[in-house]
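Chains as they are written, first to last, in our numbering: chain A, 20 to 509; chain B, 44 to 144; chain C, 111 to 775.
Below you'll find the structure, written out as structure tokens, and then a few comments.
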Amino acid sequence: MEFPLLSLITFIPLAGALAVLCLPKDSRRAIEAAALAASAVSFALSVWLYFAFDRSTAAMQFVERHAWIAADAVKVDYYLGVDGLSAPLVILTTLMSLIALIASLGIKERFKEYCFWFLILEVGMLGVFESLDFFLFYVFWEITLVPMYFLIGIWGGPQKEYAAIKFFLYTLAGSVFMLLGILALYFKADPHTFDMLALMKIHGTLSFRFQVLAFLAFYFGFAIKVPAFPFHTWLPLAHVEAPTAISVILAAVLLKMGVYGILRVNYCMLPLGFEWFLPILVLIAVINIVYGALCAMAQNDMKKMVAYSSINHMGYCLLAIAGVSATGFSGAAFQMINHGIITGALFLLVGVVYDRAHTRDIGAFGGLAAKVPVFAGLMSLSCFASLGLPGMAGFISEFLCFLGAFPRWKIYTAVSVLGVIITAAFFLRMIEKVFLGPLNKRWADLPDMNTRELVSVVPLAILMVALGIWPKWALDMMNTTMVSLAGLFK
Amino acid sequence: MTLAHYIALGAVLFVIGIFGALTRRSVIGILMSIELMFNAANINLAAFNRYLHPEGVAGQAFALFIMTVAAAEVVVGLALVLAIYRNWDKTYMENINLLKG
Amino acid sequence: MMIENVWLVPLLPLAASLVILFGGREREDSPMPFVGIAAMAASLYISLAVIFDAATGAAALPFEKEWLWYSFAANLGGQPSIFEMRAGVLIDGAAAVMLGVVCLVSLLVQIYSLGYMHGDRKFKRYFAYISFFTASMLGLVVSNNLIVVFACWELVGVSSYLLIGFWFEKEAPPYAAKKAFITTKLGDLGFFLALLLIFTYAGSYNLVRLKETVEMGYLPPMVLTLIGLGLLCGAAGKSAQAPLFIWLPDAMEGPTPVSALIHAATMVAAGIYLVARCYFFFLASPIAMETVAWAGLITAFLAGSMALVPYDIKRVLAFSTVSQLGFMMCALGVGGYTAGLFHLTTHAFFKALLFLGAGSVIHAVHTNDMRSMGGLSKRMPWTFLTMTVGCLALAGIPPFAGFFSKDQILEKVFEHSPVMFAVLVFTACLTAFYTFRMLFLTFWGDGRDHHRVDHAEESGAVMTVPLMILAALSLVSGWALEHGHAFASFVGSGGAAGHAAEAAGHAAAAGHAINPMVLAAGVTAGACFFIALAYSLYAGRDFSRAQRLKSLFQPVFDLLEKRYGFDAFFLGLVDLADRIAVLCRWVDIEVIDKVFVDGWGLLCRVAAEISHLFDALFVDQAVDGCGYVSRDIAGRGLRSLIARGQVQEYMLYLAVGVSLFAILK
């Protein structure tokens, strides 16, 4: 038997969660150590995955397949594997989980439960990207939901219960439709199967009507996660109410599950439905980009602004997917990684200022750059990365997104380029109001970032510059897969 | 003597037992009638054993079990009677209607 | 061979900027600036060596060298495959000249800044930014890949943002910085779209390959025009062409040496250089060419007229830069490739000189307002002398540098269209007027604000020596480069796109040319007349005559002071965007969230209430009804009849029941 790398990556956090559960509530050190160790080992293994990954093939790698439920009526496999689309996301997930866990070491109350739920969440997220069996996929998909509900609902802000329940119900509504889609595909396949790779090959036998309906069912499930207009309103609320580290995870990983699903399921399994939906998809993408950016521009709350900018950035992914080209898919995949890193850093930084000032109102600050230069520098760096400054990671991916969509949707792409300048406008305005100008006397003794915060943010800052200057590191992993994805229906 | 004789004897004893159990006023009397019914059953068991399966001893063994159970039952029954008598000072059945719904 | 190492030119200042930024502590006498200066000097050495090699023919131009940067999946020719993005250097004549100019000006500015910024709290950071700024510009100049050009282009924007807003503790600089960034970014949208078009239709970003593709005629004319307009849009943002010039006057909020750098070598030169670098696109599209020419012309005139009214010494210079950039753009638009680049080169020298001189003045009197100056010639002789050279060069008086380059442009424009020529000549005269208005207001007559002027002192050698070097260059560069068409043949070497076209244009327009001698004499005479006019208006103790003139043409002055309303227009645009944004937020919260999402929730709640009511009224009542019937109606009667608590009765029922079973069997 081969070394079960993916299983280890996925389930070591689970072991960590169980270990945390067994530890006494008062021994905080031990809990911290166990949680961090589990997350770190998982991350270390995913680094190994990065180096061991074969960049020359588009096939699934590190495959593990065992019969799980082997009844006569239903056959479900424990079936894991990654390709160039999912492997970078797995690495992103373990990285961001570790970072977010470090960032949440400052949590004071009910720390044990927090760690437990957090690690369970990590298991779910990793599983979603790795599973190749629809049943397993659905199980992991739902596993992410419950920890998130508790993490927002217990450790969140003033409106946490409302935000948590809204998030939970909204996403659950989506996943119910997704389940319908899964079952529809299962029963259409002959022989009935949950095997995602096998289901990708049956689209020739599916009628147009069936594909459209199944597409809509899946799309509804994924679009809520993305979030695509008009299913996006849970996001700002959840982000604002969630604790910092959870906002990071929400933006960096959970949103990616939606885009990943659209690429993996909607595009690969239902090409006719996809083709039918394209004109609507591109419109939604443009709305996401322009409207999301405009909404962000009108916000006074920093966290809300970053949340809406996520909507804008996810719009780039959707636009790129709508381009149905290898370039577009590369752009979308790369944009997912970059958005995870950049927006993760932005949420961490907003958390830093909120921890000190207990407000996120942009207008309440002023002139902080003189007072907290390190924080100002990192925040400006992240803002510039987010607005797609060349030399930073966001530029290459945004550019690939536009480049991928342009040949097919010239006017739409031209309109959505407007989003770039609006993004620039609101980030610069934020920088100006918060960091520049005369120092607001209220913050005369604001301390700069401490070690824990630096440890969580600096790696991300380094990554966003590194990937901007040398995107090869990420793109080489994806290229072969993207070429084969784009050539799927030629 | 045929099987029918024993069965007839058993039946007569059983009917007497039932009659007694239904009509006696005293609890002691009822207990005694119940013993009669047990013995009717014992006779039947022994007779069936003797006539239908003469090679086995299951019927006789069961008769022995029933005697034991009957003894135990009488012990419990008499203890109940004593408890009732001590608490309420009565042994006549018509005066006891604890089970009334 | 130095040209092999030309890739070091942008990387050295970049490394220097990182070293300065992260190394050492912020101190007033930090030695870090010398790292930047050393790196710059090394870059300058390489650049000059490259120019020398190229001029002597030791190195063949164009020189190209590239490396694999990254690869991505792309659909080329309809077939998905892996596209290799290569980046590297491409040195042609224009690039070599630009390298020299940028390195030289940046080096002088850095040396000058040692004096100007001395004692600033963020002394070290300033030099880090300057090095980064120069590195971005140099990267833009050398790169052979349009994506890298765009990347450096944006980095130039960011570093200008950092430098314009350098004194961010004040109110105005951050605003000006943001304005500069957003305005140029607006232009960059056009550039961005052009890039998308280029890759979609030509499938490459390599300048050499693109040139081949375009010249083979593979691209439809419509696309070429759009690409040209997009590139022009980007260039208009960076090079402050109408109507995107609004950021440049505000950019004066930065430290003065930065203004010199922005106006002379980096940033604004980038737009002109981009048009020159992508000249083959424009040559292929007459519409784009014509648009470039008109954009330049309009800018030159508008900015030239706006420079007539401000009293802020740096604003005058800023508008003059915009106007001169208009000249260059116009030259490029009418096919004057070398003329445009020539003016770019000479202008870099004398505009850097003028800004650094103005900085020296500001450093001495601590104000930008020329109304509080006057009579400074006695107190600051070196500054005065060098600035006079700069002014003469800018006004186009022979034999100063500006004369030669401007003359070439005018010649070119005349061949193209006499109307444009007339406007440009008039603008050139205006140039002479406002330049000398500035000079007279600052240095002539007696001090108007004795408090300031009497305490003014000549700046130290670290500031005046760069001025002198630049003054010398402003004096000789025009003549030296024009001599024997040295510049033209150098820039044209290696078959630069523009040069070949120019030669063709010459042949066609032979019958339509103006006599160079007549032109030179006429323009010089006009300039001298306007200088005299400026003298009569502004050289005296007060400028009552100017005031009278102003009251006579009040509406015109108002219009000029309001900058033709462009600022108001763009601010209105921003305001409009803000309103739309607020509307979007309202829609998002009140409509989409409240109606669409919470509406579903409400609908579910209503449905839930209804089903709850149904449940309570019908389902539950039915269950209770069953219980009621069994307990209260049937139960009570039966119970009283048979369950009297008599064990013997129960036994009787049992016996009867068993007997019945036995009988019925």
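Every residue, glycine too, gets a C-beta built ideally from N, C-alpha and C.
Just so we're clear, the structure is a prediction, and the values are computed from it rather than from any experiment.
Strictly under 7 Å for the Cβ-Cβ distance: is residue i near chain B by that measure?
i, result
"residue 758 of chain C", "yes"
"residue 796 of chain C", "With chain C running from 111 to 775 in the structure shown, residue 796 of chain C is simply not present."
"residue 762 of chain C", "yes"
"residue 732 of chain C", "no"
"residue 717 of chain C", "no"
"residue 765 of chain C", "yes"
For residue i, would you say it is in contact with chain A, using Cβ-to-Cβ distances shorter than 7 Å as the test?
i, result
"residue 617 of chain C", "At residue 617 of chain C, the pLDDT of 47 sits below 50, so the modelled position is not reliable and the matter cannot be decided from this model."
"residue 279 of chain C", "yes"
"residue 489 of chain C", "no"
"residue 310 of chain C", "yes"
"residue 698 of chain C", "yes"
"residue 176 of chain C", "no"
"residue 328 of chain C", "no"
I want to see whether chain C comes within less than 7 Å of residue i, judged by CB atoms only; does it?
i, result
"residue 220 of chain A", "no"
"residue 444 of chain A", "yes"
"residue 26 of chain A", "no"
"residue 75 of chain B", "no"
"residue 143 of chain B", "yes"
"residue 349 of chain A", "yes"
"residue 80 of chain B", "no"
"residue 483 of chain A", "no"
"residue 344 of chain A", "yes"
Whose C-beta lies closer than 7 Å to the C-beta of residue i among residues of the same chain, with five residues either side of it excluded?
i, result
"residue 94 of chain B", "46"
"residue 410 of chain C", "433, 436, 437, 440, 534 and 537"
"residue 381 of chain A", "319, 321, 449, 452 and 453"
Give me, in chain order, the residues of the same chain whose beta-carbon lies closer than 6 Å to that of residue i; leave out the 5 immediate sequence neighbours on both sides.
i, result
"residue 135 of chain A", "36, 39 and 40"
"residue 33 of chain A", "142"
"residue 289 of chain C", "357 and 360"
"residue 492 of chain A", "none"
"residue 314 of chain A", "327"
So residue i and residue j are supposed to be a Cβ contact under 8 Å. How far apart are they, rounded?
i, j, result
"residue 274 of chain A", "residue 244 of chain A", "6 Å"
"residue 237 of chain C", "residue 377 of chain C", "Residue 237 of chain C to residue 377 of chain C, Cβ: 18 Å. No contact."
"residue 410 of chain A", "residue 261 of chain C", "6 Å"
"residue 467 of chain C", "residue 203 of chain C", "In fact, because the Cβ distance is near 30 Å, the residues do not count as touching under 8 Å."
"residue 285 of chain C", "residue 469 of chain C", "Wrong, their Cβ atoms sit about 21 Å apart, outside the cutoff."
"residue 435 of chain A", "residue 268 of chain A", "Contact doesn't hold; Cβ gap of about 27 Å is too wide."
"residue 145 of chain A", "residue 54 of chain A", "Rounded, the Cβ-Cβ distance is 15 Å, inconsistent with contact."
"residue 361 of chain A", "residue 337 of chain A", "That pair is no contact at about 18 Å."
Can you list, in chain order, the residues of its chain with a C-beta nearer than 8 Å to that of residue i? Leave out the 5 residues immediately preceding and following it.
i, result
"residue 140 of chain C", "134, 233 and 234"
"residue 125 of chain A", "374 and 471"
"residue 506 of chain C", "512, 513, 516, 517, 538, 541, 542, 633, 634 and 637"
inquiry  = I want to know whether the segment 691-703 of chain C touches the segment 315-335 of chain A - three or more CB-CB distances under 8 Å.
reply    = yes
Given 8 Å, three or more beta-carbon pairs between the segment 124-136 of chain C and the segment 182-189 of chain C = no
query = At which residue ranges does the segment 185-244 of chain C contain complete alpha helix (DSSP H) runs of 4 or more residues, listed in the order of the chain?
reply = 203-226
Minimum length 3: unbroken beta strand (DSSP E) runs contained in the segment 47-113 of chain A = 80-89 and 94-101
key: Whole runs of the beta strand (DSSP E) within the segment 393-426 of chain A, excluding any shorter than 3 residues   = none
request  = Please confirm if the segment 132-142 of chain B is in contact with the segment 56-75 of chain B, defined as three or more CB-CB distances below 8 Å between the two stretches.
outcome  = yes
inquiry  = To test your reading of the DSSP string, which unbroken alpha helix (DSSP H) runs of 4 or more residues are found completely within the segment 197-282 of chain A?
reply    = 215-218, 227-244, 253-260, 263-268 and 274-280
Whole runs of the alpha helix (DSSP H) within the segment 280-327 of chain A, excluding any shorter than 4 residues = 290-316
inquiry  = Just to confirm the assignment: which complete alpha helix (DSSP H) runs, minimum length 4, are found wholly within the segment 314-364 of chain C?
reply    = 317-325, 331-348 and 357-360
Contact between the segment 207-214 of chain A and the segment 732-745 of chain C (3+ Cβ pairs under 8 Å) = no
inquiry  = At 4 residues or longer, what runs of the alpha helix (DSSP H) sit wholly inside the segment 520-564 of chain C?
reply    = 528-553 and 560-563
task = Please determine if the segment 339-351 of chain C and the segment 381-394 of chain C are in contact, where contact requires at least 3 C-beta pairs separated by less than 8 Å.
result = yes
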